[in-house]
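Have a look at the structure below, then the notes.
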Amino acid sequence: MIGRCPPAESRSHAFILFRRFPPKAPMSDLFATIRQSVLTAVNAAVPGLPPEIAARVEVTTTRDPAHGDMATNAAMVCAKAARLPPAKLAATIAEALRADPAIAEASVAGPGFVNLRLDPGVFRAIVPAILAAGEAFGDATTGTGTRVNVEYVSANPTGPMHIGHCRGAVVGDALANLLAKAGFEVVKEYYINDAGAQVTALAWAAYWRYLQAIGTPMTEEAFAAAVPGGLQYGGDYLVPIGEALARDHGEALAGPHRTIAEGTQMWLDTVRDFTIDAMMRAIREDLALLGVHPDVYSSERAMVASGAVDAVIGKLHTDGLIYDGVLEPPKGKTPDDWEPRPQTLFRATNFGDDVDRPLRKSDGSNTYFANDIAYHNDKISRKFDILIDVLGADHGGYVPRMKAAVRAVSHDSTKFEAVLCQIVHIVRGGQPVRMSKRAGTYVALRDLLEEVGRDAVRFTMLFRKADAQMEFDLDQAIAQTRENPAFYVQYAHARCRSVLRMALETLPAAELTSEALARVPLDNLTDDADTALLRRLATWPRTVEAAAIAREPHRIAFFLYDLAGDFHMLWNRGRDDSTLRFLQAGKPEETRARLALVAATAIVIRSGLRVMGVEPVEEMR
RNA sequence: GCGCCCUUAGCUCAGGUGGAUAGAGCAACAGCCUUCUAAGCUGUGGGUCGCUGGUUCGAGUCCAGCAGGGCGCGCCA
Numbered sequence: 181m182i183g184r185c186p187p188a189e190s191r192s193h194a195f196i197l198f199r200r201f202p203p204k205a206p207m208s209d210l211f212a213t214i215r216q217s218v219l220t221a222v223n224a225a226v227p228g229l230p231p232e233i234a235a236r237v238e239v240t241t242t243r244d245p246a247h248g249d250m251a252t253n254a255a256m257v258c259a260k261a262a263r264l265p266p267a268k269l270a271a272t273i274a275e276a277l278r279a280d281p282a283i284a285e286a287s288v289a290g291p292g293f294v295n296l297r298l299d300p301g302v303f304r305a306i307v308p309a310i311l312a313a314g315e316a317f318g319d320a321t322t323g324t325g326t327r328v329n330v331e332y333v334s335a336n337p338t339g340p341m342h343i344g345h346c347r348g349a350v351v352g353d354a355l356a357n358l359l360a361k362a363g364f365e366v367v368k369e370y371y372i373n374d375a376g377a378q379v380t381a382l383a384w385a386a387y388w389r390y391l392q393a394i395g396t397p398m399t400e401e402a403f404a405a406a407v408p409g410g411l412q413y414g415g416d417y418l419v420p421i422g423e424a425l426a427r428d429h430g431e432a433l434a435g436p437h438r439t440i441a442e443g444t445q446m447w448l449d450t451v452r453d454f455t456i457d458a459m460m461r462a463i464r465e466d467l468a469l470l471g472v473h474p475d476v477y478s479s480e481r482a483m484v485a486s487g488a489v490d491a492v493i494g495k496l497h498t499d500g501l502i503y504d505g506v507l508e509p510p511k512g513k514t515p516d517d518w519e520p521r522p523q524t525l526f527r528a529t530n531f532g533d534d535v536d537r538p539l540r541k542s543d544g545s546n547t548y549f550a551n552d553i554a555y556h557n558d559k560i561s562r563k564f565d566i567l568i569d570v571l572g573a574d575h576g577g578y579v580p581r582m583k584a585a586v587r588a589v590s591h592d593s594t595k596f597e598a599v600l601c602q603i604v605h606i607v608r609g610g611q612p613v614r615m616s617k618r619a620g621t622y623v624a625l626r627d628l629l630e631e632v633g634r635d636a637v638r639f640t641m642l643f644r645k646a647d648a649q650m651e652f653d654l655d656q657a658i659a660q661t662r663e664n665p666a667f668y669v670q671y672a673h674a675r676c677r678s679v680l681r682m683a684l685e686t687l688p689a690a691e692l693t694s695e696a697l698a699r700v701p702l703d704n705l706t707d708d709a710d711t712a713l714l715r716r717l718a719t720w721p722r723t724v725e726a727a728a729i730a731r732e733p734h735r736i737a738f739f740l741y742d743l744a745g746d747f748h749m750l751w752n753r754g755r756d757d758s759t760l761r762f763l764q765a766g767k768p769e770e771t772r773a774r775l776a777l778v779a780a781t782a783i784v785i786r787s788g789l790r791v792m793g794v795e796p797v798e799e800m801r
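181 is the number of the first residue of the first sequence in the numbering used here; add one for each residue after it.
Pasting the structure below:
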């Protein structure tokens with residue numbers, strides 16, 4: 181039904197519909213393992229414990245290492261069902277857990293926590309597990325068997341990409357990667373809004389440049405006065421398109437008298453097609469520079485032409501969800517030109533929206549919403565379980581009606597979710613960098629990438645919650661210091677790789693493969709900094725899972741920042757205490773143990789950066 | 001007027017869906033560079049989590065109200 185443009189550049193993966201990571205390695209989440217032990221103990225202490233209560237049992241890290249390695253709320257959660265005071269139940273659970281060889285110590289604390297200290301070997305075992313699984317370590321099965329479509333960017337093809345598009349592009353891309361790592365079958369999709377009045381205005385603007393190119397210039401004012409809607413896209417980027425039109429068509433598009441009204445229909449389609457193609461090429465290039473490569477491009481115009489919109493409206497009509505009616509004006513804010521008007525309406529209120537929503541404009545054409553229903557219906561027909569739209573926060577009011585539409589069209593079989601991205605304010609040295617669409621001084625994505633670099637752009641965009649406003653400090657994004665999280669994390673990876681390279685000078689390569697390092701005894705990893713790093717590595721699988729469930733890729737960025745901090749800390753400890761250095765002259769056994777930890781750290785950093793679409797660099801220059 | 005999002009250290013922001021004494025970076029203060037990479041490191045100070053109530057063993061987190069900021073509110077996308 182929908183037109184899918186072939187990718188501009190031939191990339192093999194553009195045709196891979198589903199991204200999958202290798203199958204999950206067994207027993208990757210230490211917390212899940214320990215939680216099982218806790219549940220076993222709880223079920224023994226409280227026979228017949230309802231499953232919904234057991235589901236609330238958590239095993240978490242402790243905030244304070246003095247409390248042990250992990251803590252569980254089991255006794256407090258189950259106390260009521262057990263008809264026991266939390267402390268007493270906790271004591272019973274703790275007693276049972278002491279029998280577990282993985283648990284070195286179990287004690288009752290506070291209002292009924294059970295604090296657990298694990299056998300040190302349990303944490304160390306995370307290292308060979310990582311080395312064996314490689315970057316697949318942390319893959320989850322949360323999404324196994326669930327098909328997700330992530331639609332993002334979806335900019336109007338009316339100009340090059342600018343900073344306003346960037347956050348959604350990066351967040352959507354990373355979210356899709358994250359969901360894939362959590363086991364979902366994911367399609368990345370770009371919806372080309374090439375059907376509305378915007379692209380007609382674009383065609384007019386390109387035509388203006390065309391007239392200039394063939395030597396019939398009109399002033400901006402004269403042209404704006406002569407065309408419907410005025411000149412909406414005055415940016416220079418259309419100059420080459422006007423020139424290209426002139427090359428291809430000579431003066432044929434201008435008509436004998438070269439007036440605007442003359443022969444409009446003749447050239448409008450030609451110019452529009454040509455311009456949209458050129459814009460989409462530019463957008464794809466910009467996206468590629470940002471590291472974004474959608475699997476599927478869907479064209480709104482092709483979809484409309486296919487009759488899909490009328491079809492879906494017909495379907496809704498059959499279901500009794502369409503009627504002609506008159507909407508009330510919004511209370512407290514009646515537009516000046518308000519007049520009651522019968523419209524074709526969709527019963528969105530049947531599905532939780534505030535008001536029913538119009539599907540046709542007064543001129544009989546479809547609203548954007550009508551087209552979007554058809555588009556989402558197309559996605560539904562492609563058998564997704566979940567549709568996720570990554571949208572700008574200014575589309576927040578649009579979400580309930582889209583949710584209603586997806587419920588209606590899919591008969592509740594498909595879930596619709598929206599991830600909203602707030603505005604990004606660009607600042608330099610604390611001063612805002614002003615942007616104005618009218619003046620054409622939007623910060624172009626390409627300029628931003630040139631100045632800051634792809635990795636720093638992506639990392640910075642992901643180093644905040646998507647729905648929080650963000651200040652993007654250009655100086656900070658370029659800085660080669662800890663202030664710049666992209667640098668800080670990449671530097672940690674580069675340090676890992678650097679140590680491993682250097683190790684090759686004293687140890688045979690065969691002893692430094694993942695397989696060889698996975699067999700090394702790790703008993704000498706006893707420093708607090710070692711332990712902190714091991715503990716952090718152990719939380720990677722649950723971080724992935726929780727971030728995927730919450731649809732929050734920024735958690736990956738924060739995890740990596742913390743992990744890098746742990747690694748740098750350990751590195752720096754080697755300055756004061758030479759026995760903590762990774763390369764120990766004359767002590768190959770200890771060196772290999774430390775290198776195993778380093779190699780595991782590098783793998784997890786790489787795996788996290790991969791989700792974010794940031795390059796794990798081998799060295800810093 | 002209504003709806004959604006937001007309000008956490010001087011600044012920029014986390015806070016894993018209700019857990020223990022609320023964290024990080026920057027800035028400030030005090031120390032530290034002959035070193036596997038000082039592109040820094042260690043330590044200290046810094047808080048009525050906007051305000052007021054409520055729910056319960058327990059609230060930054062959930063609920064209600066209020067104040068302040070952002071976004072949206074029929075034929076824009």
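C-beta atoms are modelled at their ideal positions from N, C-alpha and C, and glycine is treated no differently.
Measure how close the beta-carbons of residue i and residue j come, nearest whole angstrom, since I'm counting them as under 8 angstroms.
i: residue 356; j: residue 330; result: 4 angstroms
i: residue 636; j: residue 600; result: Actually they do not touch by this definition, with Cβ atoms about 24 angstroms apart.
i: residue 433; j: residue 390; result: 6 angstroms
i: residue 256; j: residue 266; result: 5 angstroms
i: residue 340; j: residue 413; result: Not really, about 11 angstroms apart at Cβ, beyond 8 angstroms.
i: residue 239; j: residue 222; result: Contact doesn't hold; Cβ gap of about 11 angstroms is too wide.
i: residue 773; j: residue 704; result: 5 angstroms
With a threshold of 16 other CB atoms inside 10 Å of the CB of residue i, please say whether the residue is buried or exposed.
i: residue 518; result: exposed
i: residue 227; result: exposed
i: residue 395; result: exposed
i: residue 550; result: buried
i: residue 318; result: buried
i: residue 332; result: buried
i: residue 216; result: exposed
i: residue 618; result: Because the pLDDT of residue 618 is 40, which lies under 50, any placement of that residue in the model is unreliable, and the number read from its coordinates should be weighed accordingly. The residue in question, residue 618, is exposed, as its Cβ has fewer than 16 Cβ neighbours within 10 Å.
i: residue 832; result: Summary: the structure shown does not reach residue 832, with the chain confined to residues 181 through 801, and so no result is reported for it.
Pull up the distance between the alpha-carbon of residue i and that of residue j, whole angstroms please.
i: residue 481; j: residue 689; result: 57 angstroms
i: residue 303; j: residue 641; result: 33 angstroms
i: residue 821; j: residue 437; result: This structure does not reach residue 821, given that the chain is present from 181 up to 801, and the question cannot be answered.
i: residue 387; j: residue 409; result: 14 angstroms
i: residue 546; j: residue 539; result: 6 angstroms
i: residue 500; j: residue 361; result: 41 angstroms
i: residue 645; j: residue 737; result: 10 angstroms
i: residue 258; j: residue 271; result: 13 angstroms
i: residue 662; j: residue 629; result: 20 angstroms
i: residue 616; j: residue 623; result: With a pLDDT of 45 at residue 616, under the threshold of 50, the modelled position of that residue is not reliable, and the figure given next carries that caveat. Residue 616 and residue 623: Cα-Cα distance of roughly 9 angstroms.
Comparing alpha-carbon positions, which option in the options lies nearest residue i?
i: residue 373; options: 588, 334, 670, 387; result: 334
i: residue 714; options: 582, 769, 607, 309; result: 309
i: residue 677; options: 502, 700, 782, 777; result: 782
i: residue 487; options: 293, 553, 703; result: 553
i: residue 670; options: 647, 650, 634; result: 634
i: residue 455; options: 495, 385, 504, 444; result: 385
i: residue 787; options: 306, 316, 503, 528; result: 316
i: residue 843; options: 312, 278, 479; result: Here the chain has residues from 181 to 801 only, and residue 843 is not among them.
i: residue 768; options: 504, 698, 691, 421; result: 691
i: residue 638; options: 235, 351, 264; result: 351
Return helix, strand or coil for residue i, following the three-state DSSP convention.
i: residue 671; result: helix
i: residue 695; result: helix
i: residue 660; result: coil
i: residue 783; result: helix
i: residue 555; result: helix
i: residue 296; result: strand
i: residue 288; result: strand
i: residue 600; result: strand
i: residue 357; result: helix
i: residue 796; result: coil
i: residue 732; result: coil
i: residue 566; result: strand
i: residue 738; result: helix
i: residue 328; result: strand
i: residue 708; result: helix
i: residue 494; result: helix
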